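As given, the protein sequences belong to chains H and A, one line each in that order. Heads up: the first sequence runs through residues 1 to 257, numbered per our numbering. Heads up: the second sequence runs through residues 1 to 253, numbered per our numbering. Don't be surprised by glycine CBs; every beta carbon is placed ideally from N, CA and C. A quick note: this is a predicted structure, and the numbers were derived from the prediction, not measured. As structure tokens, the structure follows; a few thoughts come after it.
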Amino acid sequence: MKSLVKKIFNANIIVFFRNLIKFRQLKVSLNEINTPKSISDSFCWRTDQGFKTIFKYSDILGLFYGIKDSTVFLSFYNKENILIKKLEIKELNYSNTLEINSKLLDGIEDYGVFYIFHKTNSEVNRETIISNRCYVGYSKNNNLYSFVHGNTYAKSDNIELHNKLKSHDIIKTSLNRQKYKIQNYFKDFTKTELFFANPTENIINIDIDNKKFYLGKRQSLILEVSNMNSIIFNSNCLYLRPIIFNYKDSYFDVYHG
Amino acid sequence: MNFFFGIKTENIFSNLTIARFKNDGKNSEKHLLCKVAIKDSKWNLEILNDNVINEEFYSINEVLSDNENIFFLAQENEIEKFDKYKLKKLNTFTDTFPAYRSNLKISIRNGGFSSFQSEYPFDMVLKKGSILSPVSVLLNKNAKENIIFIKNIYEEPIQKKFNLFFVNIEKKKIVEKIELRTNYTNSINVNNELIKPEIYLITDKYLGAPLFVSIDNMHMSFEHTHPPHEYIMSNDKFKIISKLKREISEIIS
Chain H
1 MKSLVKKIFN ANIIVFFRNL IKFRQLKVSL NEINTPKSIS DSFCWRTDQG
51 FKTIFKYSDI LGLFYGIKDS TVFLSFYNKE NILIKKLEIK ELNYSNTLEI
101 NSKLLDGIED YGVFYIFHKT NSEVNRETII SNRCYVGYSK NNNLYSFVHG
151 NTYAKSDNIE LHNKLKSHDI IKTSLNRQKY KIQNYFKDFT KTELFFANPT
201 ENIINIDIDN KKFYLGKRQS LILEVSNMNS IIFNSNCLYL RPIIFNYKDS
251 YFDVYHG
Chain A
1 MNFFFGIKTE NIFSNLTIAR FKNDGKNSEK HLLCKVAIKD SKWNLEILND
51 NVINEEFYSI NEVLSDNENI FFLAQENEIE KFDKYKLKKL NTFTDTFPAY
101 RSNLKISIRN GGFSSFQSEY PFDMVLKKGS ILSPVSVLLN KNAKENIIFI
151 KNIYEEPIQK KFNLFFVNIE KKKIVEKIEL RTNYTNSINV NNELIKPEIY
201 LITDKYLGAP LFVSIDNMHM SFEHTHPPHE YIMSNDKFKI ISKLKREISE
251 IIS
């Protein structure tokens, strides 16, 4: 009986109304996942303005499940969500590193997102869901990489190599708008950039500093702001947190909002 | 209820910025900034009245943002319930999703800075246990300096000793053992030999937040690693993590 009530409470249509009236909102949902899945953040890559990016990721299936033959698949998208590169990496260490520069991305000097999925041919428990919350470092003008960890569940894919089942959105959107105020003071910086990535298959909109921005399905955007004490935005995406790049003198800092 | 904390070494200083609003934008000017530190084996509480930037933020400078002071927000009537022998949950103001966090910024004099949105959840204050983290993911072999900070906050006003081990998980061997203390931001200078994929750190007895700093040519990087259970989202996560921790604990026992 209890599980039936839970099932009804989490049914898509009920979740839609819960999110609409802001009653027990479900911002992040794994409800539609029923086969082994690997979940990725929408990690930001940058090769613009003298930036290069380094990605550090773990072999989760090897470390936690003792699976020896695991592989990672990485896919890189530009800011318009057009696929620009795919990589398959085998023979993983427990921790691994990939440098993302314009050479890797065939000369592109811009920004966008990338995803990582772990896959295997070995048998895995039917309920397994893993998420690589990896670490991404950004270096400007060949200076030291400054690191930030992943912060949004964005996309899922099957762990089983043979499984071609479709993936679902994990982050929800709503007709109701969500306010998010970043808990930091921005007055002291020369410049701040906010990197937004749409973690959904829907168009999302963002109101910030009296301006409205639209992001198509899984698109990304770097927004420059300055002279603001605090940063607040509204969006129809229920879980949207930007990566923040703060600049002062010849230094910059990066962290998730 | 979240605590906030700082870091201090000979070369690194920190500043904390604590929002007076929830991340959904709801302000609270009633919440006061409280500083707590151990004094004569008791928790000593002070209300900080001079640390207001404006109606939205509190700021804690490098003098107070050290390795021992911890900070939290509470209203006057809640502060009356403060217990000098045990940290207690006084309110739920900072219990939010996403988490209510301060900005913990570290700097080097005349040089760069790095920060992250930081909090120490009250639930962690009550627990003993061990933390497990990879070493190489946030450190940089090419940097001039690599430092790991382990911040522990424990409910009782004591500074007890516990250990941190660097372990080679492939060879199942302890590579280095370091003594830490509770209710302190412990700092460990990391040798390049330890920055390898197979080297993990694990503590015995107490939990903590592992924070990683690299410094090179006056530039800095500062971030924390995720606890292992963040990597597994299915219901078996605690079983899987316990098994892994047990295996690694066997190396250090």
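**Message:** Looking at the secondary structure, which residues open and close the beta strand (DSSP E) in which H/D263 lies?
**Reply:** Past the edges of chain H, shown from 1 to 257, lies residue 263 of chain H, and the structure says nothing about it.
**Message:** Can you give me the C-alpha to C-alpha distance between H/D106 and H/K6, rounded to a whole angstrom?
**Reply:** Here the question's residue 106 of chain H lines up with position 106 in the first sequence. Here the question's residue 6 of chain H lines up with position 6 in the first sequence. Cα to Cα, the separation comes out at about 49 Å.
**Asked** Counting only beta-carbon atoms, is H/S70 nearer than 8 Å to chain A?
**Response** One-based indexing of the first sequence puts residue 70 of chain H at position 70. It does not: the Cβ of H/S70 has no partner Cβ on chain A nearer than 8 Å.
**Prompt:** Given that a residue counts as buried once 16 or more other Cβ atoms are within 10 Å of its Cβ, and exposed if not, what is H/S226?
**Reply:** As a working note, residue 226 of chain H is residue 226 in the first sequence. By the 16-neighbour rule on beta-carbons within 10 angstroms, H/S226 is exposed.
**Message:** If contact is defined by three or more beta carbon pairs under 8 Å, each pair taking one atom from either stretch, is the region 146 to 163 of chain A in contact with the region 237 to 250 of chain A?
**Reply:** With fewer than three CB-CB distances shorter than 8 Å, the region 237 to 250 of chain A does not count as touching the region 146 to 163 of chain A.
**Prompt:** Which residues of chain H have a Cβ atom closer than 8 Å to the Cβ of A/N191, listed in chain order?
**Reply:** On the second sequence, position 191 is the one that residue 191 of chain A refers to. Neighbourhood of A/N191 in chain H, by CB distance below 8 Å: empty, with the nearest CB roughly 17 Å away.
**Message:** Looking at chain A, is there any beta carbon in it that lies within less than 8 Å of the beta carbon of H/L238?
**Reply:** Position 238 of the first sequence, counted from the start, is the residue given in the question as residue 238 of chain H. No, H/L238 does not count as interfacial toward chain A.
**Request:** Keeping to the same chain, check which residues put their C-beta closer than 8 Å to that of A/R109; ignore five residues upstream and five downstream.
**Result:** The count along the second sequence starts at 1 and reaches residue 109 of chain A at position 109. Same-chain partners within the cutoff: N11, F13.
**Prompt:** Exposed or buried, what is A/A143 when buried is set at 16 or more other beta-carbons lying within 10 Å of its beta-carbon?
**Reply:** Looking up residue 143 of chain A in the second sequence gives position 143. A/A143 is buried by the Cβ-count criterion.
**Request:** Report yes if the CB atom of A/Y231 is closer than 8 Å to the CB atom of H/F147, and no otherwise.
**Result:** Counted from its first residue, the second sequence places residue 231 of chain A at position 231. Counted from its first residue, the first sequence places residue 147 of chain H at position 147. For A/Y231 and H/F147, no; Cβs fall outside 8 Å.
**Extent of the continuous alpha helix (DSSP H) run through A/L244** = In the second sequence, the residue the question calls residue 244 of chain A occupies position 244. Segment 237 to 252, the alpha helix (DSSP H) holding A/L244.
**Item:** Interfacial residues, the region 116 to 133 of chain A to chain H, with Cβ spacing under 9 Å
**Value:** F116, Q117
**Prompt:** Whose C-beta lies closer than 8 Å to the C-beta of H/K212 among residues of the same chain, with five residues either side of it excluded?
**Reply:** The residue given as residue 212 of chain H occupies position 212 in the first sequence. Excluding sequence neighbours, H/K212 sits near N205, I206.
**Asked** For A/T143, which residues in chain H fall below 7 Å Cβ to Cβ?
**Response** Translated into the one-based positions of the second sequence, residue 143 of chain A becomes position 143. A small correction: the amino acid at residue 143 of chain A is Ala; Thr does not occupy that position in the sequence shown. Neighbours of A/A143 on chain H, chain order: L144.
**Request:** Express the C-alpha separation of H/T173 and A/Y184 in angstroms, rounding to a whole number.
**Result:** Residue 184 of chain A sits at position 184 when you count from the first residue of the second sequence. Residue 173 of chain H sits at position 173 when you count from the first residue of the first sequence. In this structure, the straight-line span from the alpha carbon of A/Y184 to that of H/T173 is close to 42 Å.
**Asked** Taking 8 Å as the CB-CB cut-off, is H/G107 touching chain A?
**Response** On the first sequence, position 107 is the one that residue 107 of chain H refers to. Not one chain A Cβ lies under 8 Å of H/G107.
**Asked** Applying the criterion that 16 or more other CB atoms from any shown protein chain within 10 Å of the CB defines a buried residue, is A/V63 buried or exposed?
**Response** Position 63 of the second sequence, counted from the first residue, corresponds to residue 63 of chain A. A/V63 should be labelled exposed.
**Request:** Measure the C-alpha to C-alpha separation of H/K85 and H/S75 and round it to an integer number of angstroms.
**Result:** Along the first sequence, read from residue 1 onward, the residue named residue 85 of chain H stands at position 85. Along the first sequence, read from residue 1 onward, the residue named residue 75 of chain H stands at position 75. Straight-line Cα distance between these residues: approximately 6 Å.
**Under 7 Å by beta carbon: chain H residues contacting A/S234** = As a first step, residue 234 of chain A must be located in the second sequence, where it is residue number 234. Within 7 Å Cβ-Cβ: E127, T128, I129.
**Prompt:** For A/K105, does the count of other Cβ atoms within 10 angstroms reach 16, so buried, or fall short, so exposed?
**Reply:** Indexing the second sequence from 1 puts residue 105 of chain A at position 105. Residue burial annotation: A/K105 is buried, with at least 16 other C-beta atoms found within 10 angstroms of its C-beta.
**Where H/Y77 falls, given that 16 or more other Cβ within 10 Å makes a residue buried** = Along the first sequence, one-based indexing puts residue 77 of chain H at 77. Buried: at least 16 other Cβ atoms inside 10 Å.
**Asked** A/P228 by DSSP, collapsed to three states: which one?
**Response** For the purposes of this step, residue 228 of chain A is taken as residue 228 along the second sequence, with counting starting at 1. Three-state DSSP puts A/P228 in a helix.
**Item:** H/D157, DSSP secondary structure in three states
**Value:** Numbered from its first residue, the first sequence carries residue 157 of chain H at position 157. DSSP places H/D157 in strand when its eight states are reduced to three.
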